[in-house]
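As structure tokens, the structure follows; a few thoughts come after it.
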Amino acid sequence: MPLRRFSAAEYAINLAAVVLAGPVYARREWADRSTLDRFAFRRAREMAIHAATRVPLYRERYREAGADPRAIRDWNDFRRLPLMDKASVRDGYPERSLADGTDFARCLLSTSSGSSGVVMTIPHRADRFWPYLLSSRRMLAWACGGRYPFWWRQVYVYTSEYPLLQVPGLYPLMFVPTAAEPARILEALEAARPHLLHTYPTVLRDLLAIGPERMRALRLRGVSVGSELSTQAERDAWEAALGTRVRDEYSSEELGRIASQCPEGRYHLHEDVVKTEIVDDEGRPTDGIGEVVGTELHNRTMPFVRYRQGDLARISDEPCPCGRRTRLLTDLVGRRNDGFVLADGRELPAGFLLDVSYRAILRGAADVVTAYRFVQRDRGHATFEVVPGPAWESTSAGAILRSIVEELPAGLEVEVATVTAIERRPGGKRSTVVRLG
Ligand SMILES: [Zn+2]
Numbered sequence: 000m001p002l003r004r005f006s007a008a009e010y011a012i013n014l015a016a017v018v019l020a021g022p023v024y025a026r027r028e029w030a031d032r033s034t035l036d037r038f039a040f041r042r043a044r045e046m047a048i049h050a051a052t053r054v055p056l057y058r059e060r061y062r063e064a065g066a067d068p069r070a071i072r073d074w075n076d077f078r079r080l081p082l083m084d085k086a087s088v089r090d091g092y093p094e095r096s097l098a099d100g101t102d103f104a105r106c107l108l109s110t111s112s113g114s115s116g117v118v119m120t121i122p123h124r125a126d127r128f129w130p131y132l133l134s135s136r137r138m139l140a141w142a143c144g145g146r147y148p149f150w151w152r153q154v155y156v157y158t159s160e161y162p163l164l165q166v167p168g169l170y171p172l173m174f175v176p177t178a179a180e181p182a183r184i185l186e187a188l189e190a191a192r193p194h195l196l197h198t199y200p201t202v203l204r205d206l207l208a209i210g211p212e213r214m215r216a217l218r219l220r221g222v223s224v225g226s227e228l229s230t231q232a233e234r235d236a237w238e239a240a241l242g243t244r245v246r247d248e249y250s251s252e253e254l255g256r257i258a259s260q261c262p263e264g265r266y267h268l269h270e271d272v273v274k275t276e277i278v279d280d281e282g283r284p285t286d287g288i289g290e291v292v293g294t295e296l297h298n299r300t301m302p303f304v305r306y307r308q309g310d311l312a313r314i315s316d317e318p319c320p321c322g323r324r325t326r327l328l329t330d331l332v333g334r335r336n337d338g339f340v341l342a343d344g345r346e347l348p349a350g351f352l353l354d355v356s357y358r359a360i361l362r363g364a365a366d367v368v369t370a371y372r373f374v375q376r377d378r379g380h381a382t383f384e385v386v387p388g389p390a391w392e393s394t395s396a397g398a399i400l401r402s403i404v405e406e407l408p409a410g411l412e413v414e415v416a417t418v419t420a421i422e423r424r425p426g427g428k429r430s431t432v433v434r435l436g
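Right, here's the structure in full:
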């Protein structure tokens with residue numbers, strides 16, 4: 000959520016960098032793994048050295064652990080650096096978490112609502128924003144099958160506007176606030192006739208609920224969804240309804256673009272943006288499902304080195320039919336903090352709960368429910384909130400409840416509650432599976 004826009008000078012620097020670095024960045028998209036790995040290693044090592052010398056939090060943590068990033072020779076050395084957690088970074092903000100001498104006047108500030116509802120502010124140097132522009136462009140191109148010509152119009156339905164200035168004829172953008180009524184958003188889309196739509200899955204779900212034919216008539220070239228969880232089954236259904244690709248991304252305010260779905264639908268890691276690792280409960284590297292840990296490779300104002308993102312996933316080495324050779328993120332089972340806790344303390348992943356929710360809604364007739372959310376406030380208990388649609392009947396709540404309960408293990412009591420609207424989180428996100436308190 001940027002608090003200000005670029006100045007003309009900052010924007011000119013970013014544009015020049017995009018033009019100059021764009022071809023290099025585009026080549027890296029297709030580079031072999033050892034080239035990418037060398038690049039990521041050099042940047043990750045540099046960032047760790049920078050953090051250890053210029054950021055008090057890292058300086059102290061590494062000194063206590065006896066870790067010296069200058070001695071790092073390979074990834075095995077790098078993986079011996081202590082992990083950094085969200086609470087330390089947040090508690091140390093601003094003095095201890097930022098590089099010495101940070102000048103806020105030269106920064107854009109983005110605010111993360113975070114999966115746990117905890118707000119965190121992250122400054123980026125405004126004249127060094129271009130890696131984010133390039134990674135966004137790459138992600139959006141993938142949603143359109145691999146190409147995103149500069150004259151295509153993009154509408155983004157989002158909580159806040161991008162900080163970008165517009166250059167006439169160059170990647171035209173139109174912003175529509177998420178807070179607008181779905182009917183207004185649909186009208187704005189029809190007026191703008193975009194090639195590309197970038198939005199939250201909950202917004203796309205709303206739009207397809209109120210005007211499936213009108214959405215299809217937009218003849219979009221691609222749709223990119225992100226920031227909230229959606230399931231592949233749901234995105235497949237949206238693709239069929241829209242007649243175009245719908246691709247998901249996985250990013251965080253702290254680390255930026257971590258992975259996004261290529262034209263073939265696999266989640267490729269953006270290994271020139273974030274070095275991603277997976278660790279087990281003891282913080283050791285694992286080939287299985289574990290916690291996502293990332294090192295951001297560009298933001299020297301607020302470095303994130305071996306940062307615990309708090310989500311669960313697995314990294315796979317398998318090749319993708321699209322021909323890109325970056326590693327794949329698989330089994331992204333969701334934000335660790337949004338899983339539900341059973342009476343006995345075990346946790347159900349948010350991704351699984353999202354699948355269960357979606358199937359419960361699919362089993363009913365169309366228009367039974369216009370929006371929904373699965374929310375846990377107390378351990379062992381959860382509420383499935385629904386906004387009834389035109390086809391809602393007295394038996395609908397019972398049918399939804401039966402569908403959910405038959406898929407859940409014992410130890411979670413569920414009720415179905417009708418509400419007039421689904422509450423948003425701080426920052427405007429409207430997560431479908433959420434644990435509060
Ligand atoms: Zn691919």
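Going by numbering that gives the first Met the number 0, the first residue of the sequence shown is number 0, and it counts up by one from there.
For every residue, glycine included, the Cβ atom is placed at its ideal position computed from N, Cα and C.
Everything numeric in this text was worked out from a predicted model, so none of it was measured.
- Restricting attention to P200, S430 and W150, the CA atom closest to the CA of D235 is found in P200.
- Per DSSP, reduced to three states, the secondary structure at A7 is helical.
- The residues Y57, P302 and V304, in chain order, have a CB closer than 7 angstroms to that of A50 in the same chain once the five nearest residues on each side in sequence are set aside.
- Within the stretch 162 to 199, complete alpha helix (DSSP H) segments of at least 4 residues are found at 181 to 191, given in chain order.
- A residue is called buried when at least 16 other Cβ atoms come within 10 angstroms of its Cβ; T101 meets this threshold and is buried.
- Shortest gap from the CB of C106 to any heavy atom of ligand 1: 6 angstroms or more.
- Nearest to V224 by alpha-carbon distance, out of L254, G264, R218 and A216, is G264.
- The beta carbons of F351 and Q375 sit about 13 angstroms from each other, so the pair does not count as a contact at 8 angstroms.
- Between the stretch 409 to 418 and the stretch 382 to 395, the count of C-beta pairs closer than 8 angstroms reaches three or more; the two stretches touch.
- In this structure, R79 lies away from I48, with their beta-carbon atoms at least 7 angstroms apart.
- Shown in chain order are the residues whose CB sits closer than 6 angstroms to a heavy atom of ligand 1: C261, E263, R265, H267, C319, C321 and R323.
- Between A232 and L207, the C-beta gap is not smaller than 7 angstroms, which leaves the two residues out of contact.
- Leaving aside the five residues that flank R146 on each side, the residues in its chain whose CB is nearer than 7 angstroms to its CB run, in chain order, A140.
- C-alpha of P181 to C-alpha of Y131: approximately 29 angstroms in a straight line.
- Taking 7 angstroms as the cut-off, the beta carbon of R4 is found closer than this to the beta carbon of P162.
- Within 10 angstroms of the beta-carbon of P320 lie fewer than 16 other beta-carbons, which makes it exposed.
- Uninterrupted beta strand (DSSP E) stretches at least 3 residues long and entirely within the stretch 366 to 415 occur at 368 to 377 and 380 to 387, given in chain order.
- Burial check for L107: the Cβ neighbour count within 10 Å reaches 16 or more, so the residue is buried.
- For E45, the enclosing alpha helix (DSSP H) begins and ends at R32 to R53.
- In the structure shown, the three-state DSSP call for E28 is coil.
- DSSP, read as helix, strand or coil, puts M138 in helix.
- Across the structure, V385 and L347 are spaced so that their CA atoms are roughly 21 angstroms apart.
- Separation of the CB atoms of V355 and L407 is rounded to 7 angstroms, and the pair is thereby assigned contact status at 8 angstroms.
- Put simply, the stretch 165 to 178 does not touch the stretch 251 to 269. Fewer than three CB pairs are less than 8 angstroms apart.
- Exposure of L435 is indicated by the presence of fewer than 16 other C-beta atoms within 10 angstroms of its C-beta.
- Look at E212 here: in three-state DSSP terms it is helix.
- Put simply, of A30, R62 and Y170 the residue whose alpha carbon is nearest the alpha carbon of V154 is Y170.
- The stretch 85 to 94 makes no contact with the stretch 278 to 289, as fewer than three CB pairs between them are under 8 angstroms.
- In the three-state reduction of the DSSP assignment, E233 falls in the helix class.
- Put simply, the backbone Cα of M214 is about 32 angstroms away from that of R401.
- Ranked by Cα distance from M173, the options V404, R152, A365 and D337 are led by R152.
- Straight across, the Cα-Cα distance linking L185 with G210 is about 8 angstroms.
- P81 places its beta carbon less than 7 angstroms from that of A64.
- For R256, there is no enclosing alpha helix (DSSP H); the residue is found in the beta strand (DSSP E) stretching over G255 to Q260.
- For a cut-off of 8 angstroms, the C-beta gap from L195 to Y24 is around 19 angstroms, too long to register as a contact.
- Look at D337 here: in three-state DSSP terms it is helix.
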